[in-house]
Each structure stands twice: as C-alpha cells, then as structure tokens.
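This report concerns only the one structure given below.
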C-alpha cells in the first residue's frame, strides 16, 4: 500500500483536515466558506464590533500571510524545497536497486544455467572419444597335444630323392621331406593366464549431428537468449519499484513540508487572535479553537515525520542499505516533465517490439520449435562411424597367442534403428507441440496485457499533467482566498472560522500540488517502463 500512487497524499490530507470542526471540514471539502460555529456554552461575551476589531488589529503583532504572485513561483519554490544538493535522484536509486536486487542475481544465475546447457549441446558436434583399460585373469586349462607322425627312415628318403633326375622335382621332394620331418614332434598352444588390454574408441554420430544435435543446440542457444531477455525484464521491474519508492518518499517529504508550513501558519493565526482577545475585540472561544487547531497541526506534523521515516526505510530496503537516518533527495521536482512525442499507437507498436517479456516469449517459442525438430530427428535410423585401437597382451588378432603387447585397429560403419526409440520420439514430439501451443497462448495474452498497460500509462500521464496544471490554479486561488480572509479578519469583516477554513483549503491545495507534481513524474516513468525503456 505504501507504493500506491496517491496513498500518502490522501492519507495526510485526511490527517491535516481531521482536526477541523465538522462544518469547516464540509466547507473545505466542498470548496465553500464555512459558517461560524455556534458559540460554546460559557461566560457570555458580546461580539466585538468591526471598529473594535480594526483598532485591535492596528495594535496587534503583524502576522505573516501569503503575498505577491504565487502561481508559478510558489509552486516551483514549494517543489524545489524537497531537493537537497548532492542528494539521491530517481535514476541513481533505480541503478543502485538493480545492482543489489536478489531477483536480478537469480535471473543472471538462470542465464548461466542456460549457457551451460548450450555448451553441453555444443559438445555433440565433436567426435566421442573413449579410452579404457582391461585386466583379465583366466583360469588354467589343459591345451590339446598336437602330436607328430613317422615318415620313415630319413636316409632311405634321401636316397630316393637322389634318384630323381629332374633338379626342380628333386628340390621339391627334399623340401617336402624336410618339412614333414620338422612336424614329426608333438606341440601345444601356450596357456596365458593374465591378459592386459588398452582400447581407444572414436565414434562420430553422423545422422544425429544433422537431425538431433544441431536443432537441440539451436534450441539451447535460443533458451539462453530468452533468459538474457528475462534479466532485462527483471531489471526494468526492479528499477520501476525503486522509482516508485523514491517518489513515495518525495510525497512524504512534501507532506511534511506542508504540515510544518501549516503549523507556522496556525501559529501566526494564533498570535493574531491572541492580540484580538487581549484587546477585547475577539471572543476567547476563538482563541481556544485556534489553539486546538495548532495542537492538531503539530500532531499531523509528527505523523508526517513518521510517514517520512517509513518511506525512507522502504527505499533503503530496495537499495539494500542499512537504516542510517534519512536519505537526501537531489531530484529537481520543479522541472517540467515533457509529454511523449509519440502517439499511443506508435508507443504500443514500440512496446510490442522491444518489451523484454515479449522478446523472451518469442525466443521461448522459437526454442520450442527447434526442440520439436530435435525430437523428430530421433525417429530416423542412426548412422555413425567408429574406429578402435587395441594394444593388448596377448592380442587376440595374433595367432598363436604370445605373452607380449601387440597393436591392432579396426574401423566400422554403424547403422542402427530401434522401434522403442521411434515410439519415445513420437511422444516427445507430441509433448513439445502441446508446450508450443501453451507458449503461443501466453504470447497472445502478454501482448494484450502490454497494449492495455501502455494505454493506461499513456492516459495516466495525460491525466497527471492536467491534474498538475489544475493544482497550480487551485493553489493560487487558495492562497488568494486565505489572504482575503486574513485581511477581513483584521478588518473585522470575517470571523475566525473563516480563516480556519481558508487555512484548511490552502493546506489541501499545497498537498495537491506536491502530489500532482510527483504524480506526473511517476506516470512518465511508468509509461517509459511500459514501452520497454
């Protein structure tokens, strides 16, 4: 409730007017002069004549009252009193709130998560490398005995070969007899109980790169862009909340300035009435009424100080600062806020084009579409290339096995397809398409909300500017009315209740000027935020 645009002004207006008599409150609310209240019970006093009042006013202490032209100069002076040199501006408050906002840091963390997912998807474009080492202990077995056979007396066979006349034929017979003689002894394959194997595998998923990995990577990149747009949207929201808290503090400060000025005004009125009573030109009941009004004005000023303290703490919380007294405001509230240079349709079109929320939603929609493409790619057969390098002891490619390390390699082309993966991909596609419809519906709803928000902010700014111009006219009229009533009281042509009503109306007019001036700035900031600035 503290951040409501008109809460502070309405609250303190009620406070400042709450102590007035019932007839004065009605007259102040209707803008008409109030009738004097009936005399309270007490000692009867004759009402002073105008001549007596005038003579008493000549001898009374002069009291301050508004004077001189006060339309534009008084408004500027009243608004300039809210600022201090070197104080905090709305832009600085927004920047400091964005720097320290936990919600912005959380959005930044979400971006890092999305970027990590995109980098993980990027790894799919590279070949898959795998290295392994395997040690195997085998049980001992009995290998079969490959025995030799008898081929006869070698000397007889040698003599037979000598009888062959053809030299080539004789050479062949000699080689055959020599080979048969070498295999005549029995032999066994060795039993190797310890096996060591190093394997390196390289796999490149050719079809997945085209149909699954590439769309998935693009979807991850688009999701990361959507998260970055969410950061900008969160920064815009935090900045707007900080500006609203800043202007609520300015409203509270303005209310305090008006309350303190009302105290000074009532004190001056009290001195004047005291002089009239001492001179016998005014009834004592009038002095009592002014004293009651002064007491209520002091109460209202104290409550205004409490409102300033609360608004200050609210802004410090958004800026994540420790409570350390008051914050100085350096914004020049007397400067004129220019109206927008674009029409409502132009502002709406720009908002639909650059609002971070819409940009993020568009990127989410694009990411959903690419995720559908990635899921569709899972339905196709998968083609991959694979190469293996083995360095083993013993290496099974070498026969007979030997207890030593040997290297071998192989290259394969793999083509696989699974009906289970086909069914799973089909369900994934259906889910992704349903999620895409949800995003599209959210996009349409968001665009409608943006159009309405821009229109409301545009009309609010126009209304705030008109209200500010009207408040300046009202302040000038209230000051002139108070001046006339004050002069009439001194001349004996008015009663105290008339001045009290004029004071209440002047206080109300001052509050409205402060509220309207800050309302214009807040409305302009809201319009800029609705457009996406």
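Numbering (this note's numbering), first residue to last: 878 to 1410.
Glycine included, C-beta positions come from ideal geometry on N, C-alpha and C.
- Here DSSP, grouped into helix, strand and coil, assigns residue 1290 to strand.
- In this structure, the beta-carbon distance from residue 1382 to residue 1344 does not fall below 7 Å.
- Shown here, residue 1303 sits in a helix according to DSSP, grouped into three states.
- The stretch 1229-1238 and the stretch 988-1002 do not touch, with fewer than 3 CB-CB distances between them shorter than 8 Å.
- The Cβ atoms of residue 1273 and residue 1282 do not sit closer than 7 Å to each other.
- Here residue 1081 carries a strand assignment [DSSP, helix/strand/coil].
- For residue 1007, the enclosing beta strand (DSSP E) starts and ends at 1005-1014.
- Excluding its 5 nearest sequence neighbours in each direction, residue 1070 has C-beta neighbours in its own chain below 7 Å: 1014, 1015 and 1017, listed in chain order.
- Residue 1192 is a Cβ neighbour of residue 1126, given a cutoff of 7 Å.
- Rounded to whole angstroms, the separation of the alpha carbons of residue 1277 and residue 1068 is 10 Å.
- Closest in alpha carbon position to residue 1409, among 1000, 1111 and 1160, is 1111.
- Around the C-beta of residue 1284, fewer than 16 other C-beta atoms lie within 10 Å, and the residue is accordingly described as exposed.
- The shortest CA-to-CA distance from residue 1376 to any of 1198, 1144 and 1314 is the one to 1144.
- Three or more Cβ pairs closer than 8 Å define a contact, and the stretch 1215-1228 falls short of that threshold against the stretch 1297-1306.
- One thing to note: residue 1263 has its Cβ within 7 Å of the Cβ of residue 1289.
- Leaving aside the five residues that flank residue 1074 on each side, the residues in its chain whose CB is nearer than 6 Å to its CB run, in chain order, 1011 and 1269.
- Check the Cα spacing between residue 1072 and each of 1396, 1280 and 1363: the tightest is with 1280.
- For residue 1117, no pairing in a beta bridge is given by DSSP.
- The Cβ atoms of residue 1309 and residue 1249 sit closer than 7 Å to each other.
- By the CB criterion at 7 Å, residue 1100 and residue 1244 fall inside the cutoff.
- The C-beta distance from residue 1140 to residue 1174 rounds to 5 Å, short enough to fall under 8 Å.
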